[in-house]
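Asker: With mature numbering (1 follows the signal peptide of the UniProt record, and there is no 0) applied, the sequence shown corresponds to residues -22 to -1, 1 to 298, in that order. Just so it is clear, CB atoms sit at the ideal spot from N, CA and C, and this is done for glycine as well. Take a look at this one; I'll ask things after.
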Amino acid sequence: MNIRRRLIPTAALAALSLTAVSACSNDTASAGGAGNTDKFDVVASFYPMQFLAEQIGGDHVNVTTLTEPGQEPHDLELSTKQTAELGEADAILFLKTLQPAVDEAVAQTDVKTKIDAATLTKLEDHGDVEHEHAGEEAHAESEEEEHALDPHVWLDPVKYAEVASGVGAAFEKADPDHAADYKKNTEALVKKLDALNTEYTDGLKDTKTKVFFTNHAAFGYLAERYGLTQEAISGLDPESEPSPARIKELQEEAKADGVTTVFYETLVSDKTAKTLAKDAGLKTDVLDPLEGITDKSKGDDYFQVMQANLKALETALGTK
């Protein structure tokens, strides 16, 4: 459906991660290309945005994703082809602060419908370390202003539902001929997310421990929603390396808090997580931040992987 047909600079590519929607598979979403169909063409920055676009847009949208399956989204760099696709899009769906290259590209393009998921819910500062012990509070407060806002809102079903509602409204406005279907699809998606929230609430309300260790600080919203404490080996950047002091601190906290498991993810190295687990006598398991779906994912879509994450947390935390 392509309203506009102009190219933008390569830098602008990254910013155009707006939700491109289509009921097609991941492969189709990656290869279809914006502007090549009579449908509403959406370019999505990475999987959680792509999923929203596909679920809400249904048969009326053609979704292209900037982040290929298996690619770590934080470090995304855009190709010339992707830049061209951005210029052909009717809408861009992205999450500001997660992918700097995308943010820059979006800022430089004149695509009319730019949907920034970060504006559709409230972002919070979860810092690099979630758990505070006695004597640490003052230190944590002194560093608070240095922490970036956490963009991982899709891992909280409630916040993800808020984003979904905003995306649905944006689609209705941009493509009014199909507004009724977008509204219907959005309501159905929000209902499923509400049910997922109930599953998490029931599954995690009574556990032996409330503390879990993970590779990077992607689960702050999830932890806050369900009364848990996330201890991240690294910060919000999955590629950052923890200091020796941080590793020692985690080993001590594992004993103090009854931690049984160190979680890692599939798109970044598990070396540090497995080393920590071995040194501390802990188990390891996958807790997927759902930044992309691959053949290693424990499910084919957002809901299946989130349910697998719930089971992993129930096991690690010790459901009573």
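Classify Glu219 as buried or exposed, calling it buried when 16 or more other Cβ atoms lie within 10 Å of its own Cβ.
Answerer: exposed
Asker: Could you name the residues of the same chain whose beta carbon sits closer than 6 Å to that of Thr297, not counting the 5 residues immediately before and after it, in chain order?
Answerer: Thr185
Asker: Return yes when the Cβ of Pro78 is within less than 8 Å of the Cβ of Gly270, no when it is not.
Answerer: No. Outside cutoff.
Asker: Going along the chain, which residues of its own chain have a beta-carbon closer than 6 Å to the beta-carbon of Asp134, five neighbours each way excluded?
Answerer: Hits under 6 Å: Tyr199, Leu200 and Arg203.
Asker: Pull up the DSSP beta-bridge partners for Thr192, would you.
Answerer: Ala210 and Phe241
Asker: Starting from Ala72, follow its DSSP beta bridges and name the residues at the other end.
Answerer: Reading the sequence as shown, one finds Phe at residue 72 and not Ala. DSSP lists Asp94 as partners of Phe72.
Asker: Measure the alpha-carbon distance for Phe190 versus Phe241 and round it to whole angstroms.
Answerer: 8 Å
Asker: Just the C-alpha distance for Glu50 and Pro267, rounded to the nearest angstrom, thanks.
Answerer: 11 Å
Asker: For Phe18, report the span of its beta strand (DSSP E) as first-last.
Answerer: Phe18 to Ala22
Asker: Just verifying my parser: in three-state terms, what is the DSSP assignment at Lys226?
Answerer: helix
Asker: Does the segment 139 to 148 come within contact of the segment 274 to 282, defined as at least 3 CB pairs closer than 8 Å?
Answerer: no
Asker: Going by the beta-carbon positions, is the gap between Leu76 and Pro154 smaller than 8 Å?
Answerer: no
Asker: Measure the C-alpha to C-alpha separation of Thr192 and Ala95 and round it to an integer number of angstroms.
Answerer: About 25 Å.
Asker: Buried or exposed for Thr207, please, with buried defined as at least 16 other CB atoms from any protein chain shown within 10 angstroms of its CB.
Answerer: buried
Asker: At a Cβ threshold of 8 Å, is Thr239 touching chain D?
Answerer: Here there is only one protein chain, and chain D is not present.
Asker: Might you give, ordered along the chain, the residues of its own chain that have their beta carbon closer than 6 Å to the beta carbon of Thr91, omitting 5 neighbours on each side?
Answerer: Once the five neighbours on either side are set aside, the close Cβ partners of Thr91 are Ala69 and Ala152.
Asker: Cα-Cα, which of Gly259, Lys249, Asp16 and Thr187 is closest to Val41?
Answerer: Asp16
Asker: Here's the rule: buried if 16 or more other CB atoms are within 10 angstroms of the residue's CB, otherwise exposed. What is Lys74?
Answerer: buried
Asker: Which residue from Ala286, Glu177 and Thr87 puts its Cα closest to that of Glu63?
Answerer: Thr87
Asker: Can you find the residues in the same chain that come closer than 8 Å, C-beta to C-beta, to Leu174, ignoring five residues on each side of it along the sequence?
Answerer: Closer than 8 Å at the Cβ level, and outside the excluded window around Leu174, lie Pro135, Phe281, Met284 and Gln285.
Asker: Please return the same chain residues whose Cβ sits closer than 8 Å to the Cβ of Thr187, not counting the five positions on each side in sequence.
Answerer: Asp235, Gly236, Val237, Thr238, Leu295 and Gly296
Asker: Which residues in the same chain as Glu150 place their Cβ atom closer than 7 Å to its Cβ, once the five residues preceding and following it in sequence are excluded?
Answerer: Ala157, Tyr160 and Lys161
Asker: Exposed or buried, which one is Lys137 when buried takes at least 16 other CB atoms within 10 Å?
Answerer: buried
Asker: What are the partner residues of Asp263, as DSSP defines its beta bridges?
Answerer: Partner(s): Phe241.
Asker: Return yes when the Cβ of Leu254 is within less than 8 Å of the Cβ of Ile211, no when it is not.
Answerer: yes
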